[in-house]
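> Take the numbering used here: the last position of the sequence shown gets the number 255, and nothing is skipped along the way. Take a look at the following structure, please.
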Amino acid sequence: MMNIKHILAIASAKGGVGKSTIAANMAISLSEEYKVGLLDADIYGPSQHLLFNLENSKPESFEINGQKKLKPIISQNIKINSMGFMMLSNQAVIWRGPMLSNALKQIIQVTDWEDLDFLIVDMPPGTGDSYLTVAKEIKPTAAILVTTSHILSLSDTDKSKIALQKLGIPILGYINNMTGERCPKCNELLDTYTDRDNKFLKDIKCLGTISRSIALQSLPNFKSARALKEIKENVTKLIL
Ligand SMILES: Nc1ncnc2c1ncn2[C@@H]1O[C@H](COP(=O)(O)OP(=O)(O)OP(=O)(O)O)[C@@H](O)[C@H]1O
Ligand SMILES: [Mg+2]
């Protein structure tokens with residue numbers, strides 16, 4: 016019987032704001048003290064098999080009591096499963112909603128995580144079917160939103176907030192990613208919306224900021240995961 020203490024969804028309706036990067040580094044950061052799993056719930060554009068350099072890995076299947084199960088791939092002491100391990104070529108890019116939900120449902124149901132303190136779920140962008148499937152099939156303990164300080168990202172992330180609230184998933188707070196970028200010519204800070212009065216995400220807690228850095232773009236490891244130290248502490252304080 017699987018026992019997963021905390022399931023944390025890393026989410027934002029906005030694409031490309033760093034959900035997968037943060038999910039990977041959060042998993043590594045938490046794995047220093049806890050038993051951690053990482054589920055890539057992005058069916059159309061999975062990332063974790065690439066981030067962890069596991070492109071040629073295939074989860075082993077086995078049977079328990081007549082039920083087919085999959086062993087997650089273990090990398091850096093983290094149990095990982097991703098649609099990226101399952102797909103031949105890029106079939107999923109043309110899938111419709113129901114196929115997507117089924118694939119996600121299956122990967123959620125058959126992965127044998129055993130005992131975990133944390134399962135980190137890397138969510139796809141948008142607020143569609145996969146949100147409903149994740150909410151129904153894995154019932155996250157809580158969600159963490161990821162945004163940049165740009166108004167377009169804040170506005171989209173606010174939509175994820177509303178979707179999660181409707182689904183009854185508590186939101187721990189948001190992470191402000193890729194801050195501190197400066198103009199290469201005049202050195203002015205480009206986080207133009209940080210101080211502007213905006214109406215988005217006002218009612219949820221900021222769990223911390225992560226500056227734009229090359230270290231976050233390479234394979235996740237303990238060094239890059241250090242950028243999340245403060246955030247990890249804020250998160251564990253809120254849920255443990
Ligand atoms: N703090 C950071 N500093 C520098 N680069 C970053 C940072 N965070 C993310 N990136 C880079 O930004 C790009 C997008 O990141 P990532 O794929 O994690 O975003 P995402 O929100 O998961 O995207 P998608 O919506 O497509 O799933 C990647 O190239 C990643 O390396
Ligand atoms: Mg992603």
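Glycine residues also receive a C-beta, built at the ideal position from the N, C-alpha and C atoms.
1) Going by CA-CA distance only, name the one from T251, T224, N92, N96 that's closest to K50.
2) Could you say which of W128, L115, L134 lies nearest to T148 if we only look at CA atoms?
3) Could you tell me how far apart the beta carbons of L134 and I19 are, in whole angstroms, since I believe they sit closer than 8 Å?
4) Where in the stretch 201–248 do unbroken runs of the beta strand (DSSP E), each at least 3 residues long, occur, reported from the N-terminal end onward?
5) Which residues bound the beta strand (DSSP E) around A157?
6) Could you tell me the distance, in whole angstroms, from the CA atom of R227 to the CA atom of I219?
7) Nearest to S239 by CA position, among D55, H165, T36, is which residue?
8) Do K29 and S164 have their C-beta atoms within less than 8 Å of each other?
9) Using a Cβ-based criterion (distance less than 7 Å to any ligand heavy atom), does K34 qualify as near ligand 1?
In short:
1) The residue given as residue 50 occupies position 35 in the sequence shown. With distances taken between Cα atoms, K50 lies closest to N92.
2) Counting from one through the sequence shown, the residue named residue 148 turns up at place 133. Of the candidates W128, L115, L134, the one whose C-alpha sits nearest the C-alpha of T148 is L115.
3) Counting from one through the sequence shown, the residue named residue 134 turns up at place 119. Counting from one through the sequence shown, the residue named residue 19 turns up at place 4. Correct: roughly 5 Å between the Cβ atoms.
4) 221–226
5) Here residue 157 is taken as the residue at index 142 of the sequence shown, counted from 1. Counting along the chain, the beta strand (DSSP E) containing A157 begins and ends at 157–162.
6) Walking along the sequence shown from the start, residue 227 turns up at place 212. Walking along the sequence shown from the start, residue 219 turns up at place 204. Cα to Cα, R227 sits roughly 23 Å from I219.
7) Here the question's residue 239 lines up with position 224 in the sequence shown. Ranking D55, H165, T36 by Cα distance to S239 puts T36 first.
8) As a first step, residue 29 must be located in the sequence shown, where it is residue number 14. As a first step, residue 164 must be located in the sequence shown, where it is residue number 149. For K29 and S164, no; Cβs fall outside 8 Å.
9) By 1-based counting over the sequence shown, the position of residue 34 is 19. Yes - ligand 1 has a heavy atom lying nearer than 7 Å to the Cβ of K34.
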